[in-house]
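Report on one structure; see the data block that follows.
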Amino acid sequence: MKFRLDEYLSEREQIDLPAVVTLIMTGKVLVDGRPETKPGRQISDRNEIILKERPREFPARSAAKLLGAIESFKAFALEKRIAGHICVDLGAAHGGFTRVLLDHGARRVYAVDVARGLLDHTIQRDERVTVLDRHNVKSIDASWFDPADLAEQPWFFSCDISFLSLGSVFEAVARFADQSDISFSGIFLLKPQFEASAQTEKGILRDEALRLQIREQMIARATELGYTVRAAADSTLAGRKGNVEICLLLEYGPLFKSS
1 MKFRLDEYLS
11 EREQIDLPAV
21 VTLIMTGKVL
31 VDGRPETKPG
41 RQISDRNEII
51 LKERPREFPA
61 RSAAKLLGAI
71 ESFKAFALEK
81 RIAGHICVDL
91 GAAHGGFTRV
101 LLDHGARRVY
111 AVDVARGLLD
121 HTIQRDERVT
131 VLDRHNVKSI
141 DASWFDPADL
151 AEQPWFFSCD
161 ISFLSLGSVF
171 EAVARFADQS
181 DISFSGIFLL
191 KPQFEASAQT
201 EKGILRDEAL
211 RLQIREQMIA
221 RATELGYTVR
231 AAADSTLAGR
241 KGNVEICLLL
251 EYGPLFKSS
C-alpha cells in the first residue's frame with residue numbers, strides 16, 4: 001500500500017499537516033537515511049521514515065485515547081485485566097498506550113511497531129518493556145514472545161494502527177492466539193478513515209452513516225473470526241484531523257468462552 005509522506009507522518013506523529021509539510025521541506029525528515037523535501041513523496045511500510053525533530057506532545061496525546069477508553073468501559077474493570085498481566089501494544093509508536101499499560105500495573109508490555117526508533121526513551125528504559133521494532137502485526141508469531149509469558153493467561157492487547165484495515169489485524173492476532181493457545185481481551189481502535197479511504201476528503205471521513213456502517217461491519221467481522229465484542233464506544237479524543245474513531249473492547253480464546 002502506498003501513501004503520501006506528509007499524510008503518513010501527520011497520522012503517525014499526530015502533528016497538523018501544515019506543520020508536517022514545513023518539517024519535510026526544511027529537511028527534518030529522512031526517508032531510508034536520506035533527507036526528503038517533497039511532501040507528496042509516495043512511500044510504503046517498507047521505507048524507514050525518521051523525523052529528526054520530534055514534538056514532545058507525545059506520548060501524552062496518544063495516552064489520552066486509551067485512558068478515555070478505559071473510563072468508557074469502566075463497567076468491565078479493565079484495570080484488573082491489565083495489572084499483573086502480559087500486555088501487547090500493537091502500533092506502539094511513541095508509547096502512549098504502552099505508558100498507560102505500565103501505569104496500570106502491567107507485568108510486561110511488548111511494544112510492537114513496524115517502524116524503528118519511535119518509542120519514547122523513558123519508556124524503553126523500563127525493564128518491563130520489550131521493544132519489538134520492525135515487526136509487522138500481520139506476521140505476529142509465538143517466536144516474538146518469551147515462552148514463559150506464553151504460559152501466562154489471559155493477556156491484554158491494545159491496538160492503535162493507521163494505514164491498515166483493522167480486519168487484517170483481527171485475522172493475524174486470532175491466528176496467533178489459536179496457534180499459541182492464548183486467551184486475551186483488549187481495546188482495539190477502529191479508524192474508519194482507513195477502512196474507506198476512497199470516501200475521505202483530505203483524509204477526513206465526513207459521512208456519518210458510512211462511519212457507523214463501517215463500525216457494524218467490523219464488529220461483524222470480529223464476531224465471524226471468533227471474537228466476542230463486549231462493548232464499542234466513540235473515542236473520547238478525536239483523531240488529529242477530526243475523524244471520530246471507535247474503541248472496541250474484544251475478548252478471544254477459551255478462557256473467555258467458558259466464562
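Residue numbers (full-length UniProt numbering): 1 to 259. Backbone N, C-alpha and C define an ideal beta-carbon position, used for all residues, glycine too.
Under DSSP, Y227 shares a beta bridge with no residue. In this structure, the CA atom of I49 is about 38 Å from the CA atom of A77. Distances from the alpha-carbon of E245 to those of Y252, K28, T236 put T236 closest. Spanning the alpha carbons of T98 and I123 requires a straight line of approximately 8 Å. Counting along the chain, the unbroken beta strand (DSSP E) around V109 starts and ends at 108-112. Going by DSSP, S10 is part of no beta strand (DSSP E) but of the alpha helix (DSSP H) stretching over 5-13. For E251, no alpha helix (DSSP H) segment is defined; the enclosing uninterrupted segment is the beta strand (DSSP E) at 246-252.
Rounded to the nearest whole angstrom, the C-alpha separation of Q179 and A172 is 11 Å. V229 and L150 have their C-alpha atoms roughly 23 Å apart. The Cβ-Cβ distance between V114 and H135 falls below 8 Å.
Within the same chain, R4, L5, D6, V20, V21, I24, M25 come within 8 Å of P39 by CB-CB distance, once the 5 residues on both sides are set aside.
Just measuring C-alpha positions, the residue of S158, G253, R211 sitting nearest G91 is S158. Straight-line measurement puts the Cα of G186 at about 15 Å from the Cα of A63.
Bounds of any beta strand (DSSP E) do not take in F76, whose DSSP letter is neither H nor E. I204 is classed as exposed because its beta carbon has fewer than 16 other beta carbons within 10 Å across all chains shown. The way I'd put it, the region 207-216 doesn't touch the region 105-119; fewer than three beta-carbon pairs between them come closer than 8 Å. Under the 10 Å beta carbon count, R46 is surrounded by fewer than 16 other beta carbons and is classified as exposed.
In this structure, the alpha-carbon of A238 lies about 14 Å from that of S162. The three-state reading of DSSP puts P154 in coil, since its state is none of H, G, I, E or B.
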